[in-house]
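**Student:** In my numbering, each residue's number is its place in the sequence shown (first place is 1) plus 260.
For glycine and all other residues, C-beta sits at the position ideal for the given N, C-alpha and C.
From a predicted model like this one, the values you see are computed outputs, not experimental measurements.
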Amino acid sequence: MKYGRIDRTRSQSLVLLGLIVSIAFTASVAMADLIAYWPLDEGSGNTAVDIVGGFDGTLQGDPAWTGNGQIGGALDLDGDGDYIETPLFDELHTAENFTIAAWFQTNVTDSGQQHIMWIGDAAGNGWGGQQELHMGINHFAYSNILTAYFGSGAELETFAINMVSKDEFTDTSGWHHIALAISNATGPVVTAKFYLDGQRIAPLVDGFVNGNGELFPTIDSADPPDRTGWNTTLKIGAPGALSRFFNGRVDEVTVWTHALSQSDVQFIMGNDPTTAVTPGGKLATTWGKIK
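1) Just verifying my parser: in three-state terms, what is the DSSP assignment at E351?
2) So is D427 buried or exposed if we call it buried at 16+ other beta carbons inside 10 Å?
3) Where does S523 fall in DSSP's three states?
4) Below 6 Å CB to CB, which residues in the same chain sit around V515 once its five sequence neighbours on both sides are set aside?
5) Here's the rule I'm using: 16 or more other beta-carbon atoms within 10 Å means buried, otherwise exposed. How should S288 be labelled?
6) Under 8 Å: do the stretch 300 to 308 and the stretch 319 to 334 share three or more Cβ pairs, one atom per stretch?
7) Can you tell me whether G332 sits near the ligand FAD, meaning its C-beta is under 6 Å from at least one heavy atom of the ligand?
8) Per DSSP, what are the beta-bridge partners of D338 in this structure?
9) Cα separation between D381 and G489?
10) Residues in the same chain with beta-carbon distance under 7 Å from A501, minus the five sequence neighbours each way, listed in chain order, please.
11) Between the C-alpha atoms of A334 and F506, what's the straight-line distance to the nearest angstrom?
12) In chain order, what residues of the same chain have a beta carbon less than 6 Å from the beta carbon of W363, not counting five sequence neighbours either side?
13) To the nearest angstrom, how far is the alpha carbon of S412 from that of Q526?
14) So, is G332 buried or exposed, given that buried needs 16 or more other C-beta atoms within 10 angstroms?
15) What residue from Q391, D480, P347 and N404 has the CA that sits closest to Q374's CA?
16) By alpha-carbon positions, which one of G530, S523 and P485 ends up nearest to G389?
17) Determine the DSSP secondary structure at D370, reduced to helix, strand or coil.
18) Any idea what DSSP makes of I344, helix, strand or coil?
19) Could you tell me the boundaries of the beta strand (DSSP E) in which H399 lies?
20) Looking at the structure shown, is D480 part of a helix, part of a strand, or coil, going by DSSP?
21) Quick one: what's got a C-beta closer than 8 Å to G339's C-beta in the same chain, skipping five residues either side?
22) Taking all protein chains shown into account, do 16 or more other C-beta atoms lie within 10 angstroms of the C-beta of P463, making it buried, or fewer, making it exposed?
23) Would you tell me roughly how many angstroms separate the C-alpha atoms of G447 and D480, rounded to the nearest one?
24) So K495 and W378 are in contact, right, with Cβ under 8 Å, and what is the actual spacing, rounded?
Shown next, in the form of structure tokens:
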């Protein structure tokens, strides 16, 4: 499914934030759990403002602002050194439950791994060799898929959430919403829920096979990933090793210290009519009132 754009200015972003705060989630998500929100509507300059937590990001490389975002503006990353460096660290480093989410539109799906959001060991490049958390497009063994990882490094077969989508992802024309929700990050059993456009992403069988014929765990792990080696802040569009950059547009990036449910994810998308949120509180309705 492709989603239509919603136009919005910076002042409307601030009004929207105030309205969001006043709306109660039927799934009991506390707005205090929204710790960072980058609307990416600046249109110029080298700063991506976080209008919730103050974790303003700095643009790296030569990304281009565009007015054609999913909601208002967006940032266009060319896959060759472009990303956003944010100062957010402790909030994810120690969180027991959390969600990372963003709207994205990619230019390519079959040309190597691309990172939409990443945090962890500075040497991490998204292949799972270091302690890291990331979500994006493609995996070292698979193309035309979506992937998410929350793991401890070299021990890929344990201490890891390592997910690859069962269904192919090949759309390079439409906007999509992606979210990764982690519950019980310190155990006893860590659980991940991976979403595309408000729907749970089905994993490739119940795991997938690496080059040695070994089955990776995917949805949950009885061995909580170690985060003591994390030493680099959250990046949007690149991993710590500054490779495998995202090639496309990003918009509406958020971080929550809450494992969002499917209805929560649909709520923050603001477009899905099957959301459990009452019509008066739907973001699409709210946006319509301030356009």
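**Tutor:** This is what the structure gives:
1) helix
2) exposed
3) helix
4) When the five nearest sequence neighbours on each side are left out, the beta carbons in the same chain lying within less than 6 Å of the beta carbon of V515 are those of I295, A296 and I360, in order along the chain.
5) Residue confidence for S288 is low, a pLDDT of 45 falling below 50, so the modelled location carries little weight; the figure read from the coordinates is stated next. Residue environment for S288: exposed (fewer than 16 other C-beta atoms within 10 angstroms of its C-beta).
6) yes
7) The ligand FAD is absent from the structure shown, which contains no ligands of any kind.
8) N507
9) When rounded, the separation of the alpha-carbon atoms in D381 and G489 is 6 Å.
10) A383, G384 and N385
11) 14 Å
12) Q330, W435, H437, D511 and E512
13) 30 Å
14) The residue in question, G332, is buried, as its Cβ has 16 or more Cβ neighbours within 10 Å.
15) N404
16) P485
17) Correct three-state label for D370: coil.
18) strand
19) Q391 to H399
20) strand
21) N367, V368, Q374, F505, F506, N507 and G508
22) buried
23) So the alpha carbons of these two residues sit roughly 10 Å apart.
24) 5 Å
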